[in-house]
Structure formats: structure tokens, C-alpha cells
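J.: This is the structure I have questions about; it appears just below.
Numbering (mature numbering (1 follows the signal peptide of the UniProt record, and there is no 0)), first residue to last: -26 to -1, 1 to 535.
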């Protein structure tokens, strides 16, 4: 009899839970319109992130997190904090456009619980690139490639009951090598070997509600709003294959992300973001890069990864982790955003892989040759609303020591590598593309950036940027296979090859290069579905190399819908 009573009680409890969930979803739909909770805003040119940011700064509070991509539910939570009474005229326009995007999305097909969208996009870009491969920083090749519009694209997505979302961005575009060496004056691939056959670059599937999202996707990732790229994870690499799970409230967010860099190389990351007061938001970040099989214990977002001491474990049978063949590399970081007064943001990021305390340096009989590996940035940004848009004045300084993201072997260092199936000048085995996962300017670098911009989302933009990059030699040393000893290792502490003098290097080390760049760029929405873009950049290189480079481009982008 007792068992029957327990069965009845359990049944009633399950019925109560189901009823509560149904009521909650019904309440959400009534109070929060037809919001596509699970939708991922993955498009590289979407203005919704900037719009939410401008509205928050006008209201005098710091956004909880500026990690991309985000779901519609998370963005809507940020929008719900906006007090329209505190907005300027331009702010009210931006608010209404953003609200319509989230509350009243436009679908091509909408039938009961199924919503479907498909679009066609065409673009042409003309470009004059003079000596950019010789006299500009390595990152500029990726910035130009990422900004190059796809000549033909067919994005489509569909929603089921606002809680299930899938998306795919099919495109015909040039590969990275072709953008540097083959018919650089056009964005159109004129030869078979100019095409990027690894499409789609952006695709995924997501399940989400008003407080969570789970996404398996391909695309770029970014943490933090900065001028020079994130010190923790940057969108310089145009495609990652990743899993992301997020739970969020208005003032707290917990996130876990897993990147597959190749089938036996994984990066696990987790973050907690919180807003103790409305003017300050903090994100604590931790990552671990494993050159081995998938390790599910790092899926636990509440665990401190470093406490596993995984670098002491034998991931690869027969290999001693303490040698140059170590299988685990660590990362720790923090992001702080503060809005002390309306319209002014003060921000900073810090990241590190290694930090040796004095006691650690005295250990091993004074023969500890492990270098500190760290970097950070600091910036100020002031946003002033006018009748024609927001005027944004920004300055930022970035420092990365010679060993930031470089660890005891290349497989656990924080860079991404991929090859191109087809290349205009290289065969597959030699077509490696290297990008830093974080700190896109690379190690051994001091960078200063100043920018003034005028931005009116969905209408027009213009910006003037000055940038100084002081670049040491250690990035080139790292990617130079002739400097590996033993194979796959470039590090002060290596078996039979110790270099204590390398620990004393400071950025920029060796014979540095100084890059001075002035850039003017802008865009104008000619029609609802026709956009014009243009940019001009001049770079002067001095020091180890001397010369000038010019990069000028104009493009027209047309969207059918």
C-alpha cells in the first residue's frame, strides 16, 4: 500500500511540475510577445550588439556581458533594463528598431509553431592593396579578409515554437590565400582554386528559453568590446567549431564553451559574469587547452579547472607530461567594464597562461626556466548622442609579453591552425593558416589605438582610427620551424635545450618593427536593402623593416529581403 501511495504522490508532483512549466511558458508568451528565444544572432555585420550597448551606456549601466554570439533571449533581458525616459532622440529610434527586431521579427513563412526565413545576398568589392603583405602587421590580413563581403550568400534559418532554432549561411567566397595573392582587386573568386570550399563558415543548431541557451555551432567567437581584439577569445579566426551552454538572469550569467581545434585538440572554457551594481560588470574566465582525447570533466562549469592539476597527468600513454610533450595548457582571465557616469565606459582585460611566484623561481635549485605568460588592455570610451547618430571617442592600450599564449609546446599553445582544401599558391599540406585564439596582435607586442566614430545603426557610420603597433620578434620565432628544438617546441625550458636568458625578454624584444596606421572607413544605407561601404588605410613600417602600404576598398552589398 505504501508503494502505491508513493507512486500516486510522485505522479501528482510530476503533473504539478508539467503544469507549472506550461503556465510559465504561457506567461512568457503573453508578457514578452513572440520572442524567438533560441535564435542566435550570428551574422558578422549585425548591429544589434552595438545597439544594446549604446542604449545601456545612455542609461548609465554596464551590459552584463559582451560575448558573441548571444541568443535573442539574452539580448532581450538586456533590452528590458532600458528606461526609455533616459534616452535621447537617437536613442529612442535605436530602441524601437531593436525592440522590433526582438519582439516582432520578420519571417518569410510563419505557420503556427514553425517560422522560416531565407534570403539572398549579393556583393561586389573593389580593392587596391599595395605592399600590404610586406609592410602591415600580420593581423591586418585577417581583418581585411573578415571584412570582405561574400559575393553570393544564401542564409536561411527556422524556428520551432521559439525554443528550437537552426541556421546556415551558405556562401560562395574567396579563400584566405586568394585574398592575399590572387586577383586581390576583387572579392570574386575567378579560379576554382580561389574558392573557399570549407563552407558554410557559419551554421548551427540551438535550443533555448527565456533564461538559457544551448548551441552547437560554427562561426567566430568573441569576449569583450575592445578596439584591438579580446585578450581572452577573439573573433579574428573566422570559424570555430564549438559547443556553448549558457544560463543567465539580468545580473548573473554562467557560460561553458568547448572548441574543437582539431580531432585531438580541444579548448574548454567557462565564465561567470555578474553585475554587483548596475555601473559595473565583471567576467571571470578560465580555459584549458588539451592536446589529447576529449575530457568530459572540463564540462563542469562550477569546477575550477586549474584544481584538476591536469598538466601532471599522463594523457598520452608513454609520454611524461613534465617533458616538452606536455598535453595541457591553461588560461585565466578577467574582464571589467565600468560606467561611472552616463555615456562613459572604462574597461580592462587581463589574461595569463603562466605566472611564476618568487618561491617557484627559487625552486628547482634556481633552475626554473618557465617564463611568465601574460597580457592585458585598458581603454576609455565616451558615447555622445546627436541628431545624426552617436559620436564615439575611444582610446585603448594593449600589452602582451613575449610569451603570452606560447607554452611548453605548440600543441598546447593558444593558437588556431587550419588548412585550405584548395589554394591558389600552396598545396593542402603547406596551406596552414595560423591565428591566435586570443590577443590577435600576438605576443611580444605593445599597441595603442585611438578612434573617433559616428554611428547610426541601420543608417550610416564613419570612423577615423590611428594605431601604433610595436612588434617584437618572438611571434616570428614561434612560427619558425627552424627554431624548434626539439621538434614542435620553442620554449626557454625544453629537454636538453634550456635558455634562461629568454626569461628576461620584454616586449618588444629583439629587433622590433613599428607600424603606424591611419584608417578612414564608413558605410551608408542607400536603400533598405542596399549598403555601400568604403575604407582607406595607410601604414608606415619602420625599424627591422622599412616601407609603406596602402589598402583601399569600396563595396556594394545587396540583400533581397
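Just so it is clear, CB atoms sit at the ideal spot from N, CA and C, and this is done for glycine as well.
Could you spell out the range, first to last residue, of the beta strand (DSSP E) harbouring residue 100?
T.: Position 126 of the chain shown, counted from the start, is the residue given in the question as residue 100. Run containing residue 100: 95 to 104, per the beta strand (DSSP E) assignment.
J.: Kindly give me the distance between the Cβ atoms of residue 182 and residue 12, rounded to whole angstroms, as I take these residues to be in contact under 8 Å.
T.: Counted from its first residue, the chain shown places residue 182 at position 208. Counted from its first residue, the chain shown places residue 12 at position 38. Indeed, because the Cβ distance is near 4 Å, the residues count as touching under 8 Å.
J.: Applying the criterion that 16 or more other CB atoms from any shown protein chain within 10 Å of the CB defines a buried residue, is residue 205 buried or exposed?
T.: For the purposes of this step, residue 205 is taken as residue 231 along the chain shown, with counting starting at 1. With 16 or more Cβ atoms within 10 Å of its Cβ, residue 205 is classed as buried.
J.: Please go through the same chain and pick out, in chain order, the residues whose beta-carbon is closer than 7 Å to the beta-carbon of residue 176, but skip the five residues on each side of it.
T.: Indexing the chain shown from 1 puts residue 176 at position 202. For residue 176, where only same-chain residues beyond five positions count, the Cβ hits under 7 Å are 16, 143, 192, 193.
J.: How about residue 71 and residue 361: do their beta carbons lie closer than 7 Å?
T.: For the purposes of this step, residue 71 is identified with residue 97 of the chain shown, where counting begins at 1. For the purposes of this step, residue 361 is identified with residue 387 of the chain shown, where counting begins at 1. Not a contact, by the Cβ cut-off of 7 Å.
J.: Which value, in whole angstroms, describes the spacing of the CA atoms of residue 249 and residue 188?
T.: As a first step, residue 249 is located in the chain shown; it is residue number 275 there, counting from the start. As a first step, residue 188 is located in the chain shown; it is residue number 214 there, counting from the start. Answer to the nearest angstrom: the Cα atoms are 22 Å apart.
J.: So, for residue 69: in the same chain, excluding its five sequence neighbours on each side, which residues have a beta-carbon less than 7 Å away from its beta-carbon?
T.: Here the question's residue 69 lines up with position 95 in the chain shown. The answer, listed in chain order, is 29, 56, 58, 61.
J.: What would DSSP say about residue -2, mapped onto helix, strand or coil?
T.: Taking the chain shown and counting its residues from 1, one reaches residue -2 at position 25. Note that residue -2 scores 43 on pLDDT, short of 50, meaning its location in the model is unreliable; the coordinates nonetheless yield the value given after this. Three-state DSSP puts residue -2 in a helix.
J.: Distance check for residue 8 and residue 77, CA to CA, integer angstroms please.
T.: If you number the chain shown from 1, residue 77 lands on position 103. If you number the chain shown from 1, residue 8 lands on position 34. Using only the alpha carbons, I get a separation of about 6 Å.
J.: Hey, is the stretch 512 to 528 in contact with the stretch 463 to 475, meaning 3+ C-beta pairs nearer than 8 Å?
T.: Three or more Cβ pairs closer than 8 Å define a contact, and the stretch 512 to 528 falls short of that threshold against the stretch 463 to 475.
J.: On the DSSP bridge assignment, give the partners of residue 504 in chain order.
T.: Locating residue 504 in the chain shown gives position 530, counting from the first residue. Answer is 501, 532.
J.: Suppose the cutoff is 6 Å on Cβ atoms and the five residues either side in sequence are ignored; what does the same chain contact list for residue 427 look like?
T.: By 1-based counting over the chain shown, the position of residue 427 is 453. Answer for residue 427: 366, 437, listed in chain order.
J.: Just the C-alpha distance for residue 92 and residue 533, rounded to the nearest angstrom, thanks.
T.: By one-based count along the chain shown, residue 92 stands at place 118. By one-based count along the chain shown, residue 533 stands at place 559. Going by the C-alpha atoms only, they are around 11 Å apart.
J.: Any idea what DSSP makes of residue 282, helix, strand or coil?
T.: Stepping through the chain shown from its first residue, residue 282 is reached at position 308. Note: residue 282 maps to helix in three-state DSSP.
J.: Using three-state DSSP, classify residue 328 as helix, strand or coil.
T.: Translated into the one-based positions of the chain shown, residue 328 becomes position 354. Strand.
J.: For the beta strand (DSSP E) containing residue 356, list its first residue and its last residue.
T.: Position 382 of the chain shown, counted from the first residue, corresponds to residue 356. Here the beta strand (DSSP E) through residue 356 covers 347 to 360.
J.: Specify, as a first and last residue, the run of the beta strand (DSSP E) that residue 436 falls within.
T.: Translated into positions along the chain shown, residue 436 becomes position 462. Where residue 436 is concerned, the enclosing beta strand (DSSP E) stretches over 434 to 445.
J.: Does DSSP put residue 92 in a helix, in a strand, or in coil?
T.: Along the chain shown, read from residue 1 onward, the residue named residue 92 stands at position 118. Per DSSP, reduced to three states, the secondary structure at residue 92 is strand.
J.: Grab me the residues of residue 150's own chain with a C-beta within less than 6 Å of its C-beta, minus the 5 sequence neighbours each way, in chain order.
T.: Here residue 150 corresponds to residue number 176 of the chain shown, with the count starting at 1. Result list for residue 150: 119, 407, in chain order.
J.: Out of 478, 394, 522, which one is the CA nearest neighbour of residue 167?
T.: Walking along the chain shown from the start, residue 167 turns up at place 193. Ranking 478, 394, 522 by Cα distance to residue 167 puts 394 first.
J.: Start and end of the beta strand (DSSP E) containing residue 24?
T.: Here residue 24 is taken as the residue at index 50 of the chain shown, counted from 1. Note, residue 24: premise wrong, no beta strand (DSSP E); alpha helix (DSSP H) at 22 to 33.
J.: Please go through the stretch 229 to 267 and give each complete beta strand (DSSP E) segment of 3 or more residues, from N-terminal end onward.
T.: 239 to 251, 254 to 264
J.: When DSSP builds the beta bridges, which residues end up paired with residue 72?
T.: Position 98 of the chain shown, counting from 1, holds the residue named residue 72. Bridge partners of residue 72: none, in fact.
J.: Could you tell me the alpha carbon to alpha carbon distance between residue 486 and residue 527, rounded to whole angstroms?
T.: Within the chain shown, numbered from 1, the residue matching residue 486 stands at position 512. Within the chain shown, numbered from 1, the residue matching residue 527 stands at position 553. For residue 486 and residue 527, the distance between alpha carbons rounds to 29 Å.
J.: At what residues does the alpha helix (DSSP H) containing residue 114 begin and finish?
T.: Reading the chain shown from its first residue, position 140 is the one you call residue 114. Looking at the DSSP string, the run of the alpha helix (DSSP H) that includes residue 114 is 113 to 121.
J.: Can you pull the DSSP bridge partners for residue 391?
T.: As a first step, residue 391 is located in the chain shown; it is residue number 417 there, counting from the start. Answer by DSSP bridge pairing, in chain order: 408.
J.: Spatial neighbours of residue 351 within its chain, please: CB distance less than 7 Å, with the 5 preceding and 5 following residues excluded, ordered by chain position.
T.: Your numbering for residue 351 matches position 377 in the chain shown. Excluding residues within five positions, the ones whose Cβ falls inside 7 Å are 200, 202, 205, 322, 323, 370, 371, 372.
J.: Whose C-alpha, out of 237, 484, 390, is nearest the C-alpha of residue 267?
T.: Reading the chain shown from its first residue, position 293 is the one you call residue 267. Comparing Cα positions, the closest option is 237.
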